[in-house]
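First the structure, in the form of structure tokens, and then the observations on it.
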Amino acid sequence: MTAPWQFAEFSPVGVDLSSTDAVRAYDRNQGTDPARDRALLDRLGVGPGTRLVDLACGTGSFVVEAARRGARAHGVDVSTEMLAFAGRRAEDAGVEVSLSHAGFLTYRHDGAPADVVTTKSALHQLPDFWKQAALLNIAGYLAPGGLLYIWDVIFTFPPEEYAGHLRRLVDEFGHTDGEGFSREDFESHLREEFSTYGWILEGMLDRAGFDIVSTDFPRPTHGEFLCRRR
Ligand SMILES: C[S@@+](CC[C@H](N)C(=O)[O-])C[C@H]1O[C@@H](n2cnc3c(N)ncnc32)[C@H](O)[C@@H]1O
10 MTAPWQFAEF SPVGVDLSST DAVRAYDRNQ GTDPARDRAL LDRLGVGPGT RLVDLACGTG
70 SFVVEAARRG ARAHGVDVST EMLAFAGRRA EDAGVEVSLS HAGFLTYRHD GAPADVVTTK
130 SALHQLPDFW KQAALLNIAG YLAPGGLLYI WDVIFTFPPE EYAGHLRRLV DEFGHTDGEG
190 FSREDFESHL REEFSTYGWI LEGMLDRAGF DIVSTDFPRP THGEFLCRRR
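Position 227 of the sequence shown, counting from 1, maps to 236 under this note's numbering, and the rest follow consecutively.
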């Protein structure tokens, strides 16, 4: 039973990705690219038999590419529309993926521990207190030595410079031509969602039992953590 104080992760805030139209437009807006998925799978050493969990799997491109190479791919998402889309994508590709209607906090992993857990563009859905709970949950089903990969809107600019960096994020990424996510989408991300600083995530990862293998922040507002479960 869910505790009454549990964060309501099935009602995400910010950009609405739950409607059929939003899901249909998602891959175009996000620039989903199976070649990029394959490059990341290569980096993470995902191959036949790898147990991979992709949290907030969205339209399922990543889990489908993982399954194509023989991984046991689990996609997890709180949106039934996203999961339905991911299921159709797997069917069209002729591969098997397992899909769970659950979230960072509520996903319970059955069977052998995962070898690799990934989450892209989604951990910011949780306020920081709940990000820590989510990382503890992941640590509970990732095998010791297993890899955790996080990509997200993560801030590495000096805190006192925040206003200029957020303005630049909206100016550079927000589309005004109807192609891709709009300025309003990015504005609502910053206003309502919970992107945080890299140094806060570093502390959380350590406390959840992860060693940071590498980080890459190609922009002061975006980046990745690659971690290993101790
Ligand atoms: C911006 S999309 C990213 C999808 C995919 N990971 C990608 O990179 O394209 C965010 C996804 O997170 C899902 N989501 C939101 N809150 C979540 C939560 N607490 N747990 C799991 N998924 C969540 C949404 O339904 C949506 O599919």
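Just so it is clear, CB atoms sit at the ideal spot from N, CA and C, and this is done for glycine as well.
Taking 9 Å as the cut-off, decide whether the C-beta atoms of residue i and residue j are in contact.
| i | j | result |
| --- | --- | --- |
| Asp-161 | Ala-131 | yes |
| Ser-163 | Tyr-206 | It is Ile, not Ser, that sits at residue 163 in the sequence shown. Yes. Within cutoff. |
| Arg-52 | Leu-235 | yes |
| Arg-239 | Phe-219 | yes |
| Thr-128 | Asp-63 | yes |
| Val-126 | Tyr-150 | yes |
| Phe-190 | Phe-182 | yes |
| Gly-79 | Gly-56 | yes |
| Thr-165 | Phe-226 | yes |
| Ala-75 | Leu-108 | no |
Can you give me the C-alpha to C-alpha distance between residue i and residue j, rounded to a whole angstrom?
| i | j | result |
| --- | --- | --- |
| Glu-188 | Val-179 | 14 Å |
| Arg-81 | Pro-13 | 34 Å |
| Phe-71 | Gly-96 | 12 Å |
| His-184 | Ala-111 | 31 Å |
| Met-194 | Gly-23 | A quick correction: the sequence has Asp, not Met, at residue 194. Between Asp-194 and Gly-23, the C-alpha separation is close to 8 Å. |
| Arg-113 | Ala-48 | Note that residue 113 corresponds to Phe in the displayed sequence, not to Arg. Their Cα atoms are separated by approximately 24 Å. |
| Gly-154 | Gly-54 | 13 Å |
| Ala-34 | Ser-88 | 15 Å |
| His-174 | His-133 | 17 Å |
| Asp-215 | Leu-26 | 31 Å |
| Met-91 | Asp-186 | 25 Å |
| Leu-210 | Ala-99 | 32 Å |
| Arg-177 | Arg-237 | 33 Å |
| His-118 | Pro-229 | 34 Å |
| Ala-152 | Ile-221 | 16 Å |
For residue i, report the span of its alpha helix (DSSP H) as first-last.
| i | result |
| --- | --- |
| Glu-233 | Premise fails: Glu-233 lies in the beta strand (DSSP E), 231-238, not in any alpha helix (DSSP H). |
| Leu-144 | 137-150 |
| Asp-215 | 207-216 |
| Asp-194 | 192-201 |
| Asp-36 | 29-39 |
Starting from residue i, trace the beta strand (DSSP E) both ways and give me its first and last residue.
| i | result |
| --- | --- |
| Pro-43 | That residue, Pro-43, is in no beta strand (DSSP E); its alpha helix (DSSP H) goes 43-52. |
| Arg-225 | Rather than Arg, the amino acid found at residue 225 in this sequence is Asp. Segment 219-228, the beta strand (DSSP E) holding Asp-225. |
| Val-62 | 60-64 |
Within the region 67-130, ranges of the beta strand (DSSP E) (whole runs, at least 3 residues): 81-86, 107-110 and 123-129
Touch test, the region 95-109 against the region 134-151, Cβ-Cβ under 8 Å, three pairs minimum: no
Whole alpha helix (DSSP H) elements within the region 159-189, 4-residue minimum: 171-182
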